[in-house]
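Enquirer: Below is a structure I'd like to ask you about.
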Ligand SMILES: Nc1ncnc2c1ncn2[C@@H]1O[C@H](COP(=O)(O)OP(=O)(O)O)[C@@H](O)[C@H]1O
Ligand SMILES: [Mg+2]
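In this note's numbering, the protein residues as written are 5 to 339.
Structural data, given as structure tokens:
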């Protein structure tokens with residue numbers, strides 16, 4: 005099951021976290037309670053936060069390693085094959101008599117915005133005891149998500165001890181997430197996380213609290229078509245999203261994180277890394293699926309040079325009002 009093309013070797017990035025299979029349903033609009041709706045198109049695709057990010061990193065020429073759990077089913081096999089094809093060094097822990105994580109993803113075709121309904125057998129949770137220290141210690145960066153926060157924190161501690169930067173993709177308040185943040189260098193959270201986690205109403209205040217409390221080098225959030233906001237402890241950075249015809253936003257955050265890791269490993273200034281991440285994520289939104297359009301480096305660079313930016317949130321995408329920061333970010337700028 006494992007594709008250990010480089011078992012004892014060094015890699016650029018190790019990713020530990022979730023994989024999934026998405027059944028993506030393209031719908032003319034979001035369904036109403038009690039209504040009926042024809043599915044315009046259905047697709048089955050592989051996804052999962054860290055699994056997808058690692059596939060993207062590998063496609064950009066990084067040497068990568070992935071560790072995660074799958075069931076003993078066709079989905080688990082499909083993941084193994086996808087990693088093998090991509091030449092990712094994959095350590096797939098297979099749980100007998102168990103189904104792999106899967107989701108049904110509803111895409112509103114008017115905006116491309118997706119809504120995920122997911123299921124995950126409790127036995128798919130990764131335990132710290134199942135991880136090998138060398139998976140982390142022989143990498144130049146570690147990417148984790150928050151789903152199995154205790155295992156992620158264990159891996160992140162190993163990374164810390166080796167001076168390896170830890171990037172965390174956290175979208176919800178999972179048990180043990182505090183312990184993970186204590187050993188996280190770069191937190192790029194989902195938009196709702198910072199306020200929910202800190203109890204603050206304003207995302208800027210929330211990110212400040214996180215940086216002060218946990219000593220992260222950077223804490224930020226992705227905000228869909230409003231791009232990304234980040235705080236380094238001394239500087240605010242806002243990178244506007246790139247304007248695309250969004251067909252399906254599934255996996256946007258995964259590709260953003262992959263690109264962030266890429267920029268980090270290239271030693272780019274954080275402004276450039278955030279622009280690159282927004283561009284890669286936007287391009288991925290132009291096709292269906294979490295891995296729908298992982299653009300090549302040249303295409304991303306071209307798009308960064310010429311692609312229009314969204315200075316205002318388009319109607320209908322994450323239309324929730326947020327409190328306005330002290331000075332509203334416009335375009336890409338360090339503040
Ligand atoms: N409709 C969109 N148009 C352009 N870029 C988008 C769009 N939706 C998402 N993105 C890009 O993807 C990134 C991650 O998207 P977001 O929705 O915040 O994460 P998630 O995938 O976790 O829901 C954003 O910061 C932005 O760069
Ligand atoms: Mg989104």
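Where a beta carbon is used, it is the ideal one built from N, C-alpha and C, also for glycine.
Keep in mind the model is a prediction, meaning the values are calculated, not measured.
(1) Which runs of the beta strand (DSSP E) fall wholly inside the segment 14-57 and span at least 3 residues, in chain order?
(2) Do the segment 269-277 and the segment 244-260 make contact, defined as three or more Cβ pairs closer than 8 Å?
(3) When DSSP labels each residue in this structure, what does residue 245 get in the three-state scheme?
(4) Indicate the three-state DSSP secondary structure (helix, strand or coil) for residue 224 in the structure shown.
(5) From which residue to which residue does the alpha helix (DSSP H) around residue 157 run?
(6) Buried or exposed for residue 41, please, with buried defined as at least 16 other CB atoms from any protein chain shown within 10 angstroms of its CB.
(7) Within a Cβ cutoff of 6 Å, which residues of the same chain sit near residue 257, ignoring the five residues on either side of it in sequence?
(8) Which value, in whole angstroms, describes the spacing of the CA atoms of residue 33 and residue 210?
(9) Which residues end up in the neighbourhood of ligand 4 when you take C-beta atoms closer than 5 Å to any of its heavy atoms?
(10) Under three-state DSSP, which class holds residue 278?
(11) Hey, residue 90 and residue 62 are a contact pair by Cβ (cut 8 Å); roughly how many whole angstroms apart?
(12) Tell me whether residue 318 sits in a helix, a strand or coil according to DSSP, three-state version.
(13) Would DSSP call residue 298 helix, strand or coil?
(14) Comparing C-alpha positions only, which one of 312, 261, 43 sits nearest to residue 27?
(15) Quick one: residues in its chain with C-beta nearer than 6 Å to the C-beta of residue 20, no 5 flanking neighbours on either side, listed in chain order?
(16) To which residues does DSSP link residue 171 through a beta bridge?
(17) Using the rule of at least 16 other Cβ atoms within 10 Å of the residue's Cβ for burial, across every protein chain shown, is residue 95 buried or exposed?
Expert: The answer reads as follows:
(1) 15-20, 24-31, 45-51
(2) no
(3) coil
(4) Three-state result, residue 224: strand.
(5) Note, residue 157: alpha helix (DSSP H), 153-165.
(6) Residue 41 is exposed by the Cβ-count criterion.
(7) 226
(8) Distance from the CA of residue 33 to the CA of residue 210, rounded to the nearest whole angstrom, comes to 33 Å.
(9) The model depicted lacks ligand 4 and carries ligand 1 and ligand 2 instead.
(10) helix
(11) 5 Å
(12) Confidence at residue 318 is low in this model, with a pLDDT of 43, below 50, so its placement is unreliable and the value that follows should be read with caution. Note: residue 318 maps to coil in three-state DSSP.
(13) coil
(14) 43
(15) Once the five neighbours on either side are set aside, the close Cβ partners of residue 20 are 71, 148, 159.
(16) 147, 190.
(17) Buried, by the Cβ-count rule.
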